[in-house]
Amino acid sequence: MRVLAVILGLLLAVGAERVPTHDFFRITLTTSRSTTTPGAWRYIIVPRTKEARLYWSATTDDWVRTLRLGLPVHFGPFRIELSENKTLRLEPGCERYHPRCYTRPLLPPALESWKLDLLFADFHNAFLWSLEDAQKHARPYPATVAVSKFVRFHVNPKGVFLAEPLGWKP
Numbered sequence: 169m170r171v172l173a174v175i176l177g178l179l180l181a182v183g184a185e186r187v188p189t190h191d192f193f194r195i196t197l198t199t200s201r202s203t204t205t206p207g208a209w210r211y212i213i214v215p216r217t218k219e220a221r222l223y224w225s226a227t228t229d230d231w232v233r234t235l236r237l238g239l240p241v242h243f244g245p246f247r248i249e250l251s252e253n254k255t256l257r258l259e260p261g262c263e264r265y266h267p268r269c270y271t272r273p274l275l276p277p278a279l280e281s282w283k284l285d286l287l288f289a290d291f292h293n294a295f296l297w298s299l300e301d302a303q304k305h306a307r308p309y310p311a312t313v314a315v316s317k318f319v320r321f322h323v324n325p326k327g328v329f330l331a332e333p334l335g336w337k338p
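The sequence shown stops at residue 338 when you use the working numbering, and every number in between is there.
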C-alpha cells in the first residue's frame, strides 16, 4: 500500500510540470562580467532547429511589419505596441497559454500554418520560464530576456518589464 502511494505521488508530481514540446527553442543563460553591472543575468531565446528558424524568421518579420503599421502584436502574456515616440509599449495579454495569444503571421506558401501552434507552445514555455527566472535574479541589477530578432525585455528588481526592439529599428 505504501509503495502504491509513493508511485501515485510521483505520477502527480510529474504531471504538474510544463507540457512537453518539440524543443524548437534554446535558452542561453549568462551573467555579466562587466564592472558596471557585475552578475546581471541575461537570457537569450533562439530557435534551435532549421525548421524553427524558418518559421521564427517569417513570424518576426511579419510582427515587425505589423508594429511599423501601428497595429499591436499579441505576444503571449503581453500585447506590444509601437508608441508615437518609437518605443515599445507593453500591455497585459493572455493569462494562460493558447495559440490565439500570439498574432498569427502571414507565412510563405512553403510553410504550414498548423506548425505555428507547436512553435508558439514551445516558445511560450521557454519565454515564461525565462521571465520567471529573470524576476528571481533581477537584483541588484535588472535581468535581460532577449527574444531572437524581435524584442529585448529588461526585468527590474521591482518586477517592472521594459521592452526595446532587438535586431530592427522602429
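Ideal Cβ placement from N, Cα and C applies to all residues, glycine included.
With 16 other Cβ atoms within 10 Å as the buried cut-off, status of residue i
i: His292; result: buried
i: Ser316; result: buried
i: Asp191; result: exposed
i: Met169; result: Any reading at Met169 must be qualified, since the residue scores a pLDDT of 37, below 50, and its modelled position is unreliable; the value itself is stated next. With fewer than 16 Cβ atoms within 10 Å of its Cβ, Met169 is classed as exposed.
i: Pro308; result: exposed
i: Val323; result: buried
i: Val241; result: buried
i: Ala294; result: buried
i: Leu176; result: Caution is warranted here: a pLDDT of 27 is assigned to Leu176, below 50, making its placement in the model unreliable, and no coordinate value can be reported.
i: Ala278; result: exposed
i: Pro206; result: exposed
6 angstroms CB neighbourhood of residue i in its chain, flanking five on each side removed
i: Arg210; result: Thr198, Thr312
i: Ile212; result: Thr196, Ala314
i: Glu259; result: Arg247
i: Tyr265; result: His292
i: Ala208; result: Ser200, Tyr309
Proximal residues to residue i (C-beta, below 8 angstroms), its chain only, five neighbours per side dropped
i: Val319; result: Phe243, Ile248, Leu256, Ala331, Glu332, Pro333, Leu334
i: Leu250; result: Leu235, Arg236, Gly238, Leu256, Arg257, Pro338
7 angstroms Cβ shell around residue i - same chain, five flanking residues per side excluded
i: Trp336; result: Val232
i: Arg221; result: Pro215
i: Cys269; result: His242, Gly244, Gly261, Cys262
i: Gln303; result: Val323, Gly327
i: Leu274; result: Asp230
i: Ala306; result: Val323, Asn324, Pro325
i: Ser117; result: Since the displayed the chain opens at 169 and closes at 338, residue 117 lies outside it and no answer follows.
i: Lys254; result: Pro338
i: Glu252; result: none
i: Lys283; result: Tyr223
8 angstroms contact criterion, which residue i and residue j should meet: CB distance rounded
i: Thr234; j: Thr271; result: 6 angstroms
i: Pro267; j: Phe288; result: 5 angstroms
According to DSSP, residues forming a beta bridge with residue i
i: Tyr211; result: Leu197, Val313
i: His242; result: Arg247
i: Leu330; result: His322
i: Arg258; result: First, the amino acid is wrong: residue 258 is Leu here, not Arg. In DSSP, Leu258 forms a bridge with Ile248.
i: Tyr270; result: Phe243
**OP:** Answer yes if the stretch 227-240 comes into contact with the stretch 202-209, meaning at least three C-beta pairs across the two stretches below 8 angstroms, and no otherwise.
**Re:** Fewer than three beta-carbon pairs drawn from the stretch 202-209 and the stretch 227-240 are found closer than 8 angstroms, and the two stretches are therefore not classed as touching.
Original post:
Is the stretch 216-227 touching the stretch 294-302, taking contact as three or more C-beta pairs under 8 angstroms?
Top reply: Cβ pair count under 8 angstroms is below three, so no.
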